[in-house]
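According to the numbering used here, the sequence shown is numbered sequentially starting from 21. Note that beta-carbon positions come from the ideal geometry of N, C-alpha and C, so glycine has one too. Okay, structure first, notes after.
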Amino acid sequence: MPKVAVAAPSQHSADAGTALAALGGNAVDAALASVLVAMVTEPGVCALGAGGYVTIWGPDDDPVTIDGYMEMPGRGAAPERFGQGGRTVTFAYGGELTTTVGHGSVATPGGLKAIASASNRFGVASWHDLFEPAITHVVNGFPLPEACAYYLQTAFEPIYSRDPVGAKALSGPNGVLQAGDIVHIDHLADSLRLIATEGADMFYIGDLAAIIADDMAESGGLITRADLEHFVAIDRQPLMSPIADWVVATNPAPAIGGAAVTAMLALIGDNPDLLLHAQEAVLGFRRAHLDEAPDRFGPIDQLIELANTGDWRKVLTAPSTVHVSAVDDRGLGCAVTMSAGYGSGIMPPGTGIWMNNSLGEIELNRQGFHNLKVGSRLVSNMAPTVARSQDAVLAIGSPGADRITTAIVQVLVHHFLEGVPFVESIARPRAHVSFSDDGQAIVRHEPGYDLGDCTLPTISFEERHMYFGGVGGAEWSRSGGFSVGADDRRSGGTATSE
21 MPKVAVAAPS QHSADAGTAL AALGGNAVDA ALASVLVAMV TEPGVCALGA
71 GGYVTIWGPD DDPVTIDGYM EMPGRGAAPE RFGQGGRTVT FAYGGELTTT
121 VGHGSVATPG GLKAIASASN RFGVASWHDL FEPAITHVVN GFPLPEACAY
171 YLQTAFEPIY SRDPVGAKAL SGPNGVLQAG DIVHIDHLAD SLRLIATEGA
221 DMFYIGDLAA IIADDMAESG GLITRADLEH FVAIDRQPLM SPIADWVVAT
271 NPAPAIGGAA VTAMLALIGD NPDLLLHAQE AVLGFRRAHL DEAPDRFGPI
321 DQLIELANTG DWRKVLTAPS TVHVSAVDDR GLGCAVTMSA GYGSGIMPPG
371 TGIWMNNSLG EIELNRQGFH NLKVGSRLVS NMAPTVARSQ DAVLAIGSPG
421 ADRITTAIVQ VLVHHFLEGV PFVESIARPR AHVSFSDDGQ AIVRHEPGYD
471 LGDCTLPTIS FEERHMYFGG VGGAEWSRSG GFSVGADDRR SGGTATSE
């Protein structure tokens, strides 16, 4: 029976992973059970109507990334449905945040398809067993996580107050629930039991699919039965990066996150002092060439080719997520990242399932609302990553929008290049290069971060902050056993099986 270590968004999510290990499950089973708990117990941050990626690398296999991210819906929809069904809201979250919610903001979610694909081919536990921890938490009620409570203080009224079942779940006599208050979501346990018994197809071609599609048709959404029926989780070959004695495998195109990680690592090479230069170069290239590109494969190839020259100057010229990492003592690593955007506030009747608002995330839809090709995958920052050396395997990832990539790279550089212990690497101060509307690069950083020779304008945070991501990672080596860490910037949890 494999021993497993898990890093997850909450302690009960991490414990779900080790519960699967106690039944004989491996790292993949542990990661999938953990992420299912996170998807149903992190309201506002994630949801069952999410999309995402699973990266898996076994000791005797090539790595694979399973793409179950959001797809542009609208197969068979009348032309007049496009551009409709959205409601733009602005609220205070990390400053002022504007997004589009409502039925028209919902993209076709592939998270459950990716989970099923990973389970069928790489797991050893039964499909039903994967769902038992999630079902138990929903039946009993679960404490509202701190990150969710923080988000819902401002997002509840504009997004989550309109659906009566959702509003009931997230509010009480004194208003929106606070961190630690117990959440009960009507109908969700029944939906989970259906999926656990009948398989993921229940969500895509079964009774749940019919409810979702009918609700969308009646309320201005784009998702049709054909969209759900035709969704396929796609195997993609991960991008590979050597660093020190390790090889890193991460999410490839059409997602952007993995390409950014790969390019930054290539530019840094063996010199950690280039961290900020690499961020400025890669994120600047992304802003100029990737965010609005209808075909991202070409620009991503160009980014990596330029980064492999090792000259960051050449690159310069050219919500709302959950992550689970798991490794086992057989050398199997699995990293899973899922997102529902900022949430649409939509819950198809009788399901208890909140849906994503990925079509309404303005930063991921630079071409405009509903202007993507039907059936195409949306842009993503997510970068679930697995790395291997001769002696060890490491799984890592993070939530945090465009800070996902910079958080992951900083932890890997500290650990692989500087020899900092893994858990300490997660705790170290971080910096992130962002860009103003006029293209000026600005370094935001936590106290204690060494800016070195940085000449860019800087903004110092007063304390460590969830803005800089919430890295979760697990490592196993033959010589050192398990090392597992969950970022205290977000209230994560860790667990190791006995």
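For residue i: DSSP bridge partner residues
{"i": "Y113", "result": "The partner list for Y113 (beta bridge, DSSP) is empty, contrary to what the question assumes."}
{"i": "A269", "result": "M260 and V406"}
{"i": "A346", "result": "V26 and C354"}
{"i": "W374", "result": "Note: W374 sits in no beta bridge, so no partner."}
{"i": "C66", "result": "P63"}
{"i": "G505", "result": "G493"}
{"i": "Y73", "result": "D87 and T357"}
{"i": "A98", "result": "According to DSSP, A98 bridges with nothing at all."}
{"i": "H465", "result": "A451 and S480"}
{"i": "T532", "result": "What is shown of the chain runs 21 to 518, which leaves residue 532 out entirely."}
{"i": "L510", "result": "Correcting the residue identity first, residue 510 is Arg in this sequence and not Leu. The partner list for R510 (beta bridge, DSSP) is empty, contrary to what the question assumes."}
{"i": "G417", "result": "G492"}
{"i": "T128", "result": "E91"}
{"i": "A412", "result": "S497"}
{"i": "R397", "result": "E91"}
{"i": "T118", "result": "T110"}
Residue i, buried or exposed, once every other Cβ within 10 Å from all chains shown has been counted against 16
{"i": "E152", "result": "buried"}
{"i": "T337", "result": "Note that T337 scores 36 on pLDDT, short of 50, meaning its location in the model is unreliable; the coordinates nonetheless yield the value given after this. Counting Cβ neighbours within 10 Å, T337 comes out exposed, since fewer than 16 surround it."}
{"i": "G363", "result": "buried"}
{"i": "I263", "result": "buried"}
{"i": "V429", "result": "buried"}
{"i": "V252", "result": "exposed"}
{"i": "D422", "result": "buried"}
{"i": "T118", "result": "exposed"}
{"i": "E482", "result": "exposed"}
{"i": "F502", "result": "buried"}
{"i": "A112", "result": "exposed"}
{"i": "S499", "result": "exposed"}
{"i": "R107", "result": "buried"}
{"i": "R386", "result": "exposed"}
{"i": "P79", "result": "exposed"}
{"i": "K188", "result": "exposed"}
{"i": "D81", "result": "exposed"}
{"i": "D293", "result": "exposed"}
{"i": "V109", "result": "buried"}
{"i": "P479", "result": "The sequence shown places Ile at residue 479, not Pro. Classification for I479: exposed."}
{"i": "T217", "result": "exposed"}
{"i": "P22", "result": "buried"}
{"i": "A451", "result": "buried"}
Distance between beta carbons of residue j and residue i, contact taken as under 8 Å
{"i": "E238", "j": "A461", "result": "No, E238 and A461 are not in contact; Cβ-Cβ is about 46 Å, not under 8 Å."}
{"i": "L43", "j": "D149", "result": "6 Å"}
{"i": "V65", "j": "A167", "result": "6 Å"}
{"i": "A50", "j": "L40", "result": "5 Å"}
{"i": "S30", "j": "G513", "result": "5 Å"}
{"i": "V347", "j": "A494", "result": "5 Å"}
{"i": "T425", "j": "G304", "result": "At roughly 13 Å, the Cβ-Cβ gap does not stay under 8 Å, so T425 and G304 are not in contact."}
{"i": "W266", "j": "F442", "result": "Actually they do not touch by this definition, with Cβ atoms about 12 Å apart."}
{"i": "A275", "j": "M402", "result": "6 Å"}
{"i": "S497", "j": "A412", "result": "4 Å"}
Contact test: residue i Cβ vs the ligand FMN heavy atom, cutoff 6 Å
{"i": "Q198", "result": "This structure does not include the ligand FMN; it has no bound ligands of any sort."}
task: Evaluate contact between the segment 95–109 and the segment 133–145, counting only Cβ atoms and requiring at least three cross-stretch pairs below 8 Å.
output: no
- prompt: Of all the alpha helix (DSSP H) runs that stay within the bounds of the segment 133–206, which reach a length of 4 or more residues?
  reply: 147–160, 166–175 and 184–190
message: Report the start-end ranges of each beta strand (DSSP E) in the segment 205–258 that is 3 residues or longer and not cut off at the edges.
response: 254–256
- prompt: For the 8 Å Cβ check, are there 3 or more pairs between the segment 457–477 and the segment 369–378?
  reply: no
- request: Tell me, please, whether the segment 355–362 touches the segment 411–427 by the rule of three or more beta-carbon pairs shorter than 8 Å.
  value: yes
message: For the pair the segment 121–131 and the segment 239–249, tell me if three or more CB-CB distances fall below 8 Å.
response: yes
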